[in-house]
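> My questions all concern the structure below.
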Amino acid sequence: MFRSLNSYLIDFTGLVVIGVLICLVSAGGALAAGLPFQIPASVQQLNTIFISILIEALPFVLIGVLIAGFIQIFVTEEHIRSLFPKNRFSGVIVSCLLGACFPACECGIVPIVRRLVSKGVPIYAGVGFLLTGPLINPIVILSTYMAFGNDLRMAVLRVAVGFATAVIIAFAISMMFRSSQLKTESRQTAAHCTHSGRRSPFSEKLFDMLKHAVDEFFDMGRFLIIGALVAALVQTYLPLKSLFLFGGGMFDSALVMMGLAYFLSLCSEADAFIGASFTNLFPSSSILAFLVYGPMLDLKNTVMMLHAFKPKFVICLSILITVVVYVCIKVVSLL
2 MFRSLNSYLI
12 DFTGLVVIGV
22 LICLVSAGGA
32 LAAGLPFQIP
42 ASVQQLNTIF
52 ISILIEALPF
62 VLIGVLIAGF
72 IQIFVTEEHI
82 RSLFPKNRFS
92 GVIVSCLLGA
102 CFPACECGIV
112 PIVRRLVSKG
122 VPIYAGVGFL
132 LTGPLINPIV
142 ILSTYMAFGN
152 DLRMAVLRVA
162 VGFATAVIIA
172 FAISMMFRSS
182 QLKTESRQTA
192 AHCTHSGRRS
202 PFSEKLFDML
212 KHAVDEFFDM
222 GRFLIIGALV
232 AALVQTYLPL
242 KSLFLFGGGM
252 FDSALVMMGL
262 AYFLSLCSEA
272 DAFIGASFTN
282 LFPSSSILAF
292 LVYGPMLDLK
302 NTVMMLHAFK
312 PKFVICLSIL
322 ITVVVYVCIK
332 VVSLL
């Protein structure tokens with residue numbers, strides 16, 4: 002009982018802190034005007050970028066933790082086993098197709114995948130879901146189509162290259178890793194076991210689902226904040242504009258755009274409009290690299306994955322994503 006009370010107090014304190022931060026940020030201009038010194042422009046820019054990343058990502062994280070809570074309470078191991086084929090390649094294809102149906106961004110998908118893997122989904126299937134969910138869901142396809150002047154070509158290329166890349170990476174992961182690779186596997190298993198022994202009424206299950214969603218939000222939300230802050234710091238104090246100078250020089254333009262996608266940490270539902278603004282600076286294959294790489298791997302979701310999964314797995318996955326996306330983009334550019 003005391004342990005549960007302590008958990009609720011921590012959650013309440015977290016809500017109060019977030020509320021205070023939002024109020025401070027909202028009133029930042031008025032507070033700055035009353036100070037005896039002037040706040041540097043770079044700090045104000047940092048604040049703006051940090052809040053914009055956070056506001057953009059929070060709704061999708063909330064959706065993600067609600068889905069994770071639903072999976073924890075209402076989805077059993079039997080459901081999972083019946084959904085995913087035992088054949089490795091078929092499992093990869095099914096997971097990539099399922100991921101494509103979820104309108105989640107790269108930060109909101111992490112808690113969902115963590116919960117699925119803790120329920121018995123093979124890690125390679127989790128990776129397929131992780132990669133296609135933010136990249137080729139219906140909302141992303143529509144936004145890409147609209148961003149490029151109702152041109153279907155870029156949207157089709159994004160779907161085709163993204164799906165092929167996700168399948169290759171997930172299959173490679175299936176040969177490299179056998180275990181779940183969860184950092185907190187024992188705690189997740191224990192959390193599941195507390196609900197598996199008896200049949201509860203729907204109202205109690207709904208309450209448990211919301212409780213798990215709240216726990217998941219505060220568990221993953223702090224790392225979203227850290228990732229957003231790091232991304233804002235990089236965008237403010239590192240000269241990202243200098244990346245454009247390398248686009249036509251010794252650095253490949255596709256690598257430049259992939260690096261830009263990583264550090265900008267845009268949500269996949271909005272990145273197509275940013276990518277479209279580079280059409281006069283970079284070839285279409287490099288813009289495609291920006292659109293495929295960013296939803297799979299960026300700065301803020303790297304921080305969140307490092308919290309959920311073992312560092313060795315995250316490093317291997319990051320290298321795989323970078324290499325496979327780059328090779329696929331080069332193949333497309335030759336066609």
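Heads up, this note's numbering is the position in the sequence shown plus 1, with the first residue counted as 1. Idealized CB from N, CA, C, for every residue including glycine.
At least one CB of chain B closer than 8 Å to the CB of Asn88: is that the case?
Here chain B cannot be found, since the structure has a single protein chain.
> Compute the Euclidean distance between the alpha carbons of Leu84 and Tyr125, then round it to the nearest angstrom.
Cα to Cα, Leu84 sits roughly 15 Å from Tyr125.
> For Leu206 and Phe75, which I take to be in contact (beta-carbon distance under 8 Å), what is that distance rounded to the nearest angstrom?
Note that residue 206 corresponds to Lys in the displayed sequence, not to Leu. 7 Å between Cβ atoms; contact.
> Taking just the CA atoms, how far does Met177 sit from Val44?
Roughly 43 Å between the two C-alpha positions.
> According to the Cβ coordinates, are Leu321 and Ser266 closer than 8 Å?
No, the Cβ-Cβ distance between Leu321 and Ser266 is not below 8 Å.
> Inspect the beta-carbon positions of Thr77 and Ala273 and report whether they are closer than 8 Å.
It is not a contact, given that the beta carbons lie outside the stated cut-off.
> DSSP three-state label for Phe279, please.
Coil at Phe279, not helix or strand.
> Could you check whether Val293 and Leu98 sit closer than 8 Å to each other, using their CB atoms as the reference points?
Cβ atoms of Leu98 and Val293: not closer than 8 Å.
> Bridge partners of Phe310, per DSSP?
Looking at the DSSP assignment, Phe310 forms a beta bridge with Leu183.
> Under three-state DSSP, which class holds Glu107?
It is coil, neither helix nor strand.
> Among Arg82, Ala290, Phe224 and Cys106, whose alpha-carbon lies nearest the alpha-carbon of Leu117?
It is Arg82 whose Cα lies nearest to the Cα of Leu117.
> Taking the straight line between their C-alpha atoms, what separation do you get for Leu158 and Leu289?
Looking at the two C-alpha atoms, the distance is approximately 8 Å.
> Does the Cβ of Cys102 have 16 or more other Cβ atoms within 10 Å, making it buried, or fewer, making it exposed?
So Cys102 ends up on the exposed side.
> Should Leu183 and Ala262 be called a contact, given that it needs their Cβ atoms to be closer than 8 Å?
No.
> Going residue by residue through the region 52-138, where are the continuous beta strand (DSSP E) segments of at least 3 residues, counting only ones entirely within it?
Qualifying beta strand (DSSP E) stretches: none in this window.
> Assess contact between the region 278-288 and the region 310-329, defined as three or more Cβ pairs (one per stretch) separated by less than 8 Å. Is contact present?
In short, these stretches do not touch, since the Cβ pair count stays below three.
> Have a look at Ile140 and Glu79 and give me their C-alpha separation to the nearest angstrom.
Distance between the alpha carbons of Ile140 and Glu79: 31 Å.
> Hey, out of Leu225, Val333, Val332 and Ser286, whose CA is closest to Ser53's CA?
It is Leu225.
> Using three-state DSSP, classify Ile322 as helix, strand or coil.
Helix.
> Along the alpha helix (DSSP H) that carries Ala167, what are the first and last residues, could you check?
Looking at the DSSP string, the run of the alpha helix (DSSP H) that includes Ala167 is Leu153 to Met177.
> Please report the residue range of the alpha helix (DSSP H) in which Ile288 lies.
Start and end: Ser285 to Met297.
> Return the residue from the list Ile68, Ala255 and Ile330 that minimises the CA-CA distance to Ala214.
Ala214 has its Cα closest to that of Ile68, out of Ile68, Ala255 and Ile330.
> Within 10 angstroms of its Cβ, does Ile170 collect 16 or more other Cβ (buried), or is it exposed?
Per the 10 Å Cβ criterion, buried.
> Taking the alpha carbon of Asn302 as the point to measure from, which residue in Cys108, Leu55, Val66 and Phe71 has its own alpha carbon closest?
Measuring from the Cα of Asn302, the nearest candidate turns out to be Cys108.
> In chain order, what residues of the same chain lie with their CB nearer than 6 Å to the CB of Ile174, ignoring the 5 residues before and after it?
Cβ neighbours of Ile174 beyond the five flanking positions: Tyr125 and Val128.
> Whole angstroms are fine: how far does the CA of Ser254 sit from the CA of Gly150?
The alpha-carbon atoms of Gly150 and Ser254 are separated by roughly 23 Å.
> Tell me whether the beta-carbon of Val333 lies closer than 8 Å to the beta-carbon of Val231.
Contact: no.
> Work out the CA separation of Glu57 and Phe219 for me, nearest whole Å.
Distance between the alpha carbons of Phe219 and Glu57 is about 17 Å.
> Who are the Cβ neighbours of Met259 in its own chain at under 6 Å, not counting the five residues just before and after it?
Within the same chain, Met259 has close Cβ partners Ala290 and Tyr294.
> If contacts are defined as beta-carbon pairs under 8 Å, then Ala105 and Gly65 qualify, I think. What distance do you get, rounded to the angstrom?
So it is a contact: roughly 6 Å between Cβ atoms.
> Looking only at its own chain, which residues have a Cβ that is under 7 Å from the Cβ of Phe61, when we skip the five neighbours before and after it?
Cβ within range, chain order: Ala105, Cys106, Cys108, Gly109 and Cys268.
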